[in-house]
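Chemist:
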Amino acid sequence: MKRANPTRQRLAALGLLGVPLLTYPLLSLPSGELGGIPATYLYLFGVWAGLIVLAAWVAERRK
Amino acid sequence: MLSGWFIALLATAYLGLLFAVARFGDARADAGKSIISANVYALSLAVYCTSWTFYGSVGRATSGGLSFLTIYIGPTLMLLCVGVIIKMIRISKAQRITSIADFIASRYGKSQLLAGMVTVIAVIGVVPYIALQLKAMAASVDVLLEHSGGSFQVLGLDSTFLIAVVLALFSILFGTRHLDATERHEGMVAAVAFESVVKIVAFMAVGIFVTYGMFGGLGDLFQRAAASADLGRLLQLDSSRAGTWTALIILSGLAIIFLPRQFQIIVVENVDESHLKRAVWLFPLYLLLINIFVLPLALGGLLHFDGQGINPDTFVLTLPLARGAEVLALLAFIGGLSAATGMVIVETIALSTMVCNDLVMPILLRSTGNFVEKRNDLSGLLIGIRRAAIALILLLGYIYFRAAGEAYALVGIGLISFAAVAQFAPAMFGGMYWKQGTRAGAVAGLLAGFLVWLYTLLLPSFAKSGWMTSGFVENGLFGIGWLKAQALFGLAGLDEISHCLWWSMLANIGAYVAVSLNTKPDAVEASQAERFVDVFRFDSRNTEARLWRGKASPDALVQLLERFLGAARARQQLAAYAGSRGAEHWGNLPADADFVQFAESELAGAIGSASARVMVASVAQEEDLGLEEVLDILDEATQVRAHSRELEAKQRELEAATTELRDANDRLRELDRMKDDFISTVTHELRTPLTSIRALSEMLHEDPRIDLADRTRFLGIIVNEAERLTRLINQILDMAKLESGRAEWTTSEVDMGEVVRESMASLEQLFREKDVALEGDIPSGLPFVLADRDRLTQVMINLLSNAVKFVPGGTGRVQVRVAGSAGLVRIEVRDNGPGLTPEECVVIFEKFRQGGNTMTDKPQGTGLGLPISRQIVEYFGGNLWVESEPGAGANFIFTVPLPAPDDNSGRQVA
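Protein chains in written order, with numbering that gives the first Met the number 0: chain H, 0 to 62; chain E, 0 to 909.
#1: Please decide whether asparagine 890 of chain E counts as near chain H, where near means a Cβ-Cβ distance under 8 Å.
#2: Does arginine 60 of chain H get closer than 8 Å to chain E when you measure Cβ to Cβ?
#3: Using a C-beta cutoff of 8 Å, does glycine 34 of chain H count as contacting chain E?
#4: Which of the residues in the stretch 34 to 49 of chain H, read from start to end, lie with their CB under 8 Å from any CB of chain E?
#5: Which residues mark the beginning and the end of the alpha helix (DSSP H) in which leucine 724 of chain E is found?
#6: Just reading off the beta strand (DSSP E) that serine 464 of chain E is part of, what are its end residues?
#7: Note down, in chain order, each residue of its chain lying with its Cβ closer than 7 Å to the Cβ of threonine 6 of chain H, except the 5 sequence neighbours on either side.
#8: Taking Cβ positions only, does leucine 68 of chain E come closer than 8 Å to chain H?
#9: Could you give the DSSP three-state label for lysine 649 of chain E: helix, strand or coil?
#10: In whole angstroms, give me the CA-to-CA distance for alanine 818 of chain E and proline 778 of chain E.
#11: In chain order, which continuous runs of the alpha helix (DSSP H) of length 4 or greater are located wholly inside the stretch 588 to 612 of chain E?
#12: Return the chain-ordered ranges of every alpha helix (DSSP H) run that is complete within the stretch 629 to 704 of chain E and spans a minimum of 4 residues.
#13: Applying a beta-carbon distance threshold of less than 9 Å, which residues of chain E neighbour glycine 17 of chain H?
#14: How would you label serine 535 of chain E, buried or exposed, when you count the other beta carbons within 10 angstroms and need 16 or more for buried?
#15: Report yes or no: is there a C-beta of chain E within less than 8 Å of the C-beta of glycine 31 of chain H?
#16: Taking a contact to mean a Cβ-Cβ separation below 8 Å, would you say valine 293 of chain E touches methionine 431 of chain E in this structure?
#17: Identify whether lysine 857 of chain E lies in helix, strand or coil by the three-state DSSP scheme.
#18: Is the shortest distance between the beta-carbon of proline 259 of chain E and the beta-carbons of chain B less than 8 Å?
#19: Tell whether a beta-carbon distance below 8 Å holds between phenylalanine 257 of chain E and isoleucine 99 of chain E.
#20: CB-CB under 6 Å to isoleucine 162 of chain E, same chain, minus the five flanking residues each way: which ones, in chain order?
#21: Starting from serine 25 of chain H, find everything on chain E with Cβ-Cβ shorter than 7 Å and list it in chain order.
#22: Give, in chain order, every residue of the stretch 228 to 261 of chain E whose Cβ lies closer than 7 Å to some Cβ of chain H.
#23: Below 8 Å on the Cβ atoms is my contact criterion, and I expect lysine 846 of chain E with leucine 863 of chain E to pass it. Report the Cβ-Cβ distance as a whole number of Å.
#24: Hey, how far is the Cα of glycine 3 of chain E from the Cα of glycine 323 of chain E?
#25: Tell me which residues share the same chain as aspartate 789 of chain E and place their Cβ nearer than 8 Å to its Cβ, disregarding the 5 neighbours each side in the sequence.
#26: How long is the line joining the alpha carbons of alanine 12 of chain E and isoleucine 508 of chain E, rounded to whole angstroms?
#27: With distances taken between CB atoms, is the gap from glutamine 94 of chain E to serine 460 of chain E smaller than 8 Å?
#28: Return the chain-ordered list of same chain residues with a C-beta closer than 7 Å to the C-beta of glutamate 32 of chain H, the five sequence neighbours on each side being excluded.
#29: By DSSP, does lysine 550 of chain E sit in helix, in strand, or in coil?
#30: For glutamate 774 of chain E, list the residues DSSP reports as bridge partners.
#31: Just by C-beta distance, which residues in the stretch 288 to 314 of chain E are closer than 9 Å to chain H?
#32: Enumerate in chain order the residues of its own chain whose CB-to-CB distance from tyrosine 399 of chain E is below 7 Å, with the five nearest sequence positions on each side excluded.
#33: Taking C-beta pairs closer than 8 Å, name the residues in chain E that leucine 13 of chain H reaches, listed in chain order.
#34: Beta-carbon of proline 5 of chain H versus every beta-carbon of chain E: anything under 8 Å?
#35: Is it true that the stretch 595 to 602 of chain E meets the stretch 562 to 582 of chain E, where meeting means three or more beta-carbon pairs spaced less than 8 Å apart?
#36: Are glutamate 185 of chain E and aspartate 376 of chain E touching if we call contact CB-CB under 8 Å?
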């Protein structure tokens with residue numbers, strides 16, 4: 000049997016990593032604000048952007 | 000400036016531009032130069048962002064804070080499961096699937112019942128969503144008109160209706176150009192991608208204008224919001240709603256692949272699987288960007304219009320208008336228009352395919368058989384049905400909008416649709432990964448989930464609109480408390496969406512699994528299950544043909560194709576097929592299983608797999624294979640695969656064995672050659688001294704008058720040659736013994752220093768005769784080695800006599816050094832003779848090979864001394880080698896290892 004595609008597996012792993020990071024209870028951790036912007040807002044967009052950057056890196060890099 | 004006519008003109012101009020883009024895309028596709036690149040594909044996925052995103056997110060953020068983000072985080076996470084999506088695409092291409100209804104129906108035995116059910120659920124679920132788009136467009140037009148105080152009516156029709164008509168025309172023009180729905184609508188995809196760009200530019204422009212133009216940036220907005228108790232709440236997540244948060248992520252994650260328009264764009268319109276690689280991050284990036292300013296816009300609106308009662312769903316328009324930025328407001332209007340039109344166009348096209356193939360066709364085929372029989376070309380009829388379906392769906396959306404428009408906030412309607420399409424998830428995922436899932440199970444699951452959705456979500460929303468009494472929501476059906484629609488079995492405390500998702504999924508998955516486990520699939524189901532679940536491994540070429548058996552007439556099949564595809568297209572496809580089978584004309588092809596298969600899949604592209612199966616069955620007498628036989632064939636296919644894998648493994652083993660044998664054979668041949676060489680060399684070596692002995696003996700024998708001096712000299716030579724002969728024979732015997740392992744060894748503790756000294760002493764005379772200096776550097780107190788003393792002496796004498804043979808008389812010098820080092824004793828015999836070339840350093844250890852040119856020089860030894868020495872040294876675990884360069888003398892070195900420490904550690908020569 001053909002071995003599963005490593006890029007697909009890496010992306011799926013990123014997805015699985017995103018689930019706990021972007022749901023409760025971890026989501027209730029950030030509190031207060033940074034530079035006038037609520038920490039929750041920064042956390043959500045930060046993690047989201049991080050996932051996108053990692054996904055882009057995994058998907059687009061040359062083997 | 001913003002008169003009704005101007006707005007109408009602008010909207011028309013925009014739609015005209017869209018039309019041009021679509022036309023361009025189609026023209027390029029027809030010319031074979033597709034403009035659908037990975038980027039265009041990724042952008043077209045953003046059809047997910049409807050006017051619900053454009054206007055509704057802001058509205059939702061004014062009440063729920065950051066929770067609107069769940070609708071976009073879910074798709075981000077779902078899209079990362081690329082494997083699932085690629086499997087869907089692969090299956091759809093293999094089975095020529097044109098819609099999600101077709102996908103589910105095809106998996107569960109090409110069931111018309113399932114196809115119909117999915118279509119009905121999709122239409123009921125999605126019509127409110129289309130209504131939502133119309134509502135958003137109407138609302139945006141109203142805002143602009145209200146601002147300018149104008150109004151706009153043509154022939155007494157309201158603007159929303161006109162918009163719906165224009166959208167219907169657009170969808171009809173681009174969605175139903177070709178009959179075959181698997182043929183992609185590249186123009187439409189291009190237009191949708193273009194719209195995605197427009198809407199994100201418009202939204203971000205408004206976001207930046209409000210955040211940095213009307214307020215002092217993000218920080219300022221958040222600070223001012225935090226100062227107010229009401230708004231400060233929006234900045235924090237409410238962890239008591241953790242369940243809702245997760246439920247919405249799941250729901251939106253399912254919606255991104257199961258909404259009919261998303262399935263259409265992601266799966267049906269996919270040109271190249273590799274485009275997904277771009278989409279997997281570019282689309283989430285799009286979602287992230289379009290959401291950055293949602294909360295700031297919501298806060299800005301709430302701060303700016305504090306208490307003015309402006310609908311938060313329209314903040315995107317009203318905020319710029321409030322500052323007099325009419326151009327920006329118009330840009331936002333265009334953005335909202337693109338968001339709505341993109342969704343409506345793709346959704347209606349996807350739904351119309353489903354309605355035509357899975358609702359209307361089965362009814363037509365069943366009820367009015369003769370009607371279908373009578374018409375020769377049905378392709379026109381099919382296109383007509385699709386166009387009518389598009390118009391009808393938009394009309395339904397319009398009616399829903401008129402009837403329920405004001406009752407619900409935008410976001411509420413969207414989530415109802417999401418929950419409806421989420422009902423497809425168990426049948427879809429089960430169908431792709433679980434062979435045991437049966438049609439009965441899928442029907443039961445869909446039905447159960449749909450009914451729960453209807454009861455807990457859709458009907459209560461009707462009740463809220465005042466269309467029906469809300470008794471079943473407040474008091475439960477028939478007044479039974481635990482049947483309260485939004486607190487089923489007393490499950491209160493959840494919001495309505497999570498409540499519906501929880502119960503409907505429980506019912507859906509439960510029914511699907513339980514019924515599947517308790518029913519047996521029929522033959523078609525079993526084979527389809529195999530094709531879907533094992534799509535990456537299914538050996539279609541060999542198995543497909545065997546899964547159909549029966550009789551068919553080629554003419555009937557061709558006729559069928561011509562009727563449904565239109566004569567021209569049918570001929571084109573038939574010719575291509577005939578070409579692929581190496582026939583000149585399709586008339587020459589036998590109507591075998593392969594041909595039937597081809598006809599069915601062509602038909603499936605046009606009218607859906609379920610109807611295609613019925614149609615093919617009507618002209619071909621198919622033998623019912625029965626479940627057992629189908630399973631046998633599939634098993635056999637699996638076994639054949641297993642066998643072929645085994646065979647491959649065996650073959651590899653055989654190849655390896657063959658290689659080994661060949662190597663062994665080569666070695667044997669080499670040995671044989673060496674043996675021949677050896678014998679001829681030995682013979683030659685023996686003959687040389689024999690010849691000279693014989694010649695001299697004959698001379699002595701035949702000529703008695705030879706004088707005494709010569710006689711003595713001849714006899715001396717004879718004696719020498721005889722000795723040489725004896726030595727040679729002894730060494731050959733020695734060598735043979737060593738090589739065969741029959742040599743006798745007497746191992747004892749040996750002091751190497753003593754061996755070397757004795758050997759030097761015994762050859763002292765020889766050195767003196769030739770006037771060669773022999774020097775020794777032999778430390779005392781060397782450790783003992785375990786070896787055969789006589790044998791080591793033999794090695795030493797051999798090396799010394801070699802050395803003395805090759806050094807020049809008079810100036811010759813031979814040095815012997817003995818040293819003990821880590822675990823071994825090392826003996827060097829260095830001479831200042833002519834030295835050896837690197838090649839000679841190797842060959843001198845071969846039998847009968849000697850230093851110097853043996854062809855011209857008189858041989859100086861037997862050529863066996865070094866090989867024997869090496870054998871001896873190696874027998875004791877040591878090494879013998881030479882370090883030399885031409886002209887720089889030679890240094891023969893051999894080592895003998897010391898015994899392991901536990902044998903006789905520390906014992907030294909006194």
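Backbone N, C-alpha and C define an ideal beta-carbon position, used for all residues, glycine too.
If you're wondering where the values come from, they're calculated on a predicted model, not measured in any experiment.
Modeler: Taking the geometry as given:
#1: Numbered from its first residue, the second sequence carries residue 890 of chain E at position 891. By this cut-off, asparagine 890 of chain E is not an interface position.
#2: For this step, residue 60 of chain H is matched to residue 61 along the first sequence. No - not a single Cβ of chain E is within 8 Å of the one on arginine 60 of chain H.
#3: Locating residue 34 of chain H in the first sequence gives position 35, where the first residue counts as 1. Chain E, which has a Cβ nearer than 8 Å to the Cβ of glycine 34 of chain H, makes this yes.
#4: Listed in sequence order: Gly34, Gly35, Ile36, Pro37, Thr39, Tyr40, Leu43, Phe44, Trp47 and Ala48.
#5: Working through the second sequence from its first residue, we reach residue 724 of chain E at position 725. Counting along the chain, the alpha helix (DSSP H) containing leucine 724 of chain E begins and ends at 707 to 739.
#6: Position 465 of the second sequence, counted from the first residue, corresponds to residue 464 of chain E. No beta strand (DSSP E) contains serine 464 of chain E, which is instead part of the alpha helix (DSSP H) from 458 to 464.
#7: For the purposes of this step, residue 6 of chain H is taken as residue 7 along the first sequence, with counting starting at 1. Closer than 7 Å at Cβ, skipping near neighbours: Val57 and Ala58.
#8: Counted from its first residue, the second sequence places residue 68 of chain E at position 69. So, interface residue.
#9: Sequence index remark: in the second sequence, residue 649 of chain E carries index 650 (1-based). Three-state result, lysine 649 of chain E: helix.
#10: As a position in the second sequence, residue 818 of chain E is number 819, starting the count at 1. As a position in the second sequence, residue 778 of chain E is number 779, starting the count at 1. Each residue's Cα considered, the two are about 7 Å apart.
#11: 592 to 606
#12: none
#13: Here residue 17 of chain H is taken as the residue at index 18 of the first sequence, counted from 1. Taking a Cβ-Cβ cut-off of 9 Å, the neighbours of glycine 17 of chain H in chain E comprise Ile72, Thr75, Leu76 and Leu79, given in sequence order.
#14: The residue you call residue 535 of chain E lines up with position 536 of the second sequence. Looking at the sequence itself, residue 535 of chain E is phenylalanine, so the reference to serine does not match. Answer is exposed; the Cβ neighbour count stays below 16.
#15: Taking the first sequence and counting its residues from 1, the one referred to as residue 31 of chain H is at position 32. Judged by the 8 Å Cβ criterion, glycine 31 of chain H is not in contact with chain E.
#16: As a position in the second sequence, residue 293 of chain E is number 294, starting the count at 1. As a position in the second sequence, residue 431 of chain E is number 432, starting the count at 1. Going by C-beta atoms, valine 293 of chain E is not nearer than 8 Å to methionine 431 of chain E.
#17: Locating residue 857 of chain E in the second sequence gives position 858, where the first residue counts as 1. Here the model assigns lysine 857 of chain E a pLDDT of 49, short of 50, so the residue's position is not dependable, and the following value carries that caveat. Here lysine 857 of chain E sits in coil by DSSP.
#18: Looking for chain B here will not work: the only protein chains present are H and E.
#19: Taking the first residue of the second sequence as position 1, residue 257 of chain E is located at position 258. Taking the first residue of the second sequence as position 1, residue 99 of chain E is located at position 100. In this structure, isoleucine 99 of chain E lies closer than 8 Å to phenylalanine 257 of chain E by Cβ.
#20: Residue 162 of chain E sits at position 163 when you count from the first residue of the second sequence. In the same chain as isoleucine 162 of chain E, and ignoring 5 residues on each side of it, the C-beta atoms closer than 6 Å to its own belong to Met136, in chain order.
#21: The residue labelled residue 25 of chain H in the question sits at position 26 within the first sequence. Going by the sequence as given, residue 25 of chain H is leucine instead of serine. What leucine 25 of chain H touches in chain E: nothing, since even the nearest Cβ is about 11 Å away.
#22: Leu234, Gln235, Leu236, Ser238, Ala241, Trp244, Thr245 and Ile248
#23: As a first step, residue 846 of chain E must be located in the second sequence, where it is residue number 847. As a first step, residue 863 of chain E must be located in the second sequence, where it is residue number 864. Contact flag correct, Cβ pair sits at about 6 Å.
#24: Along the second sequence, read from residue 1 onward, the residue named residue 3 of chain E stands at position 4. Along the second sequence, read from residue 1 onward, the residue named residue 323 of chain E stands at position 324. Each residue's alpha carbon lies about 18 Å from the other.
#25: As a first step, residue 789 of chain E is located in the second sequence; it is residue number 790 there, counting from the start. So the list reads Thr745, once near-sequence residues are dropped.
#26: By one-based count along the second sequence, residue 12 of chain E stands at place 13. By one-based count along the second sequence, residue 508 of chain E stands at place 509. So the alpha carbons of these two residues sit roughly 48 Å apart.
#27: On the second sequence, position 95 is the one that residue 94 of chain E refers to. On the second sequence, position 461 is the one that residue 460 of chain E refers to. No, these two residues do not count as a Cβ contact at 8 Å.
#28: Counting from one through the first sequence, the residue named residue 32 of chain H turns up at place 33. Excluding sequence neighbours, glutamate 32 of chain H sits near Ala38.
#29: Looking up residue 550 of chain E in the second sequence gives position 551. The answer is strand: DSSP assigns lysine 550 of chain E an E or B state.
#30: Translated into positions along the second sequence, residue 774 of chain E becomes position 775. In DSSP, glutamate 774 of chain E forms a bridge with E/Gln814.
#31: Asn290, Ile291 and Leu294
#32: Locating residue 399 of chain E in the second sequence gives position 400, counting from the first residue. Taken in chain order, the residues that qualify are Val126, Pro127 and Ala130.
#33: Residue mapping note: residue 13 of chain H aligns to position 14 of the first sequence, counting from 1. The contacting residues are Leu79.
#34: Working through the first sequence from its first residue, we reach residue 5 of chain H at position 6. Chain E, which has no Cβ nearer than 8 Å to the Cβ of proline 5 of chain H, makes this no.
#35: yes
#36: Here residue 185 of chain E corresponds to residue number 186 of the second sequence, with the count starting at 1. Here residue 376 of chain E corresponds to residue number 377 of the second sequence, with the count starting at 1. Going by C-beta atoms, glutamate 185 of chain E is not nearer than 8 Å to aspartate 376 of chain E.
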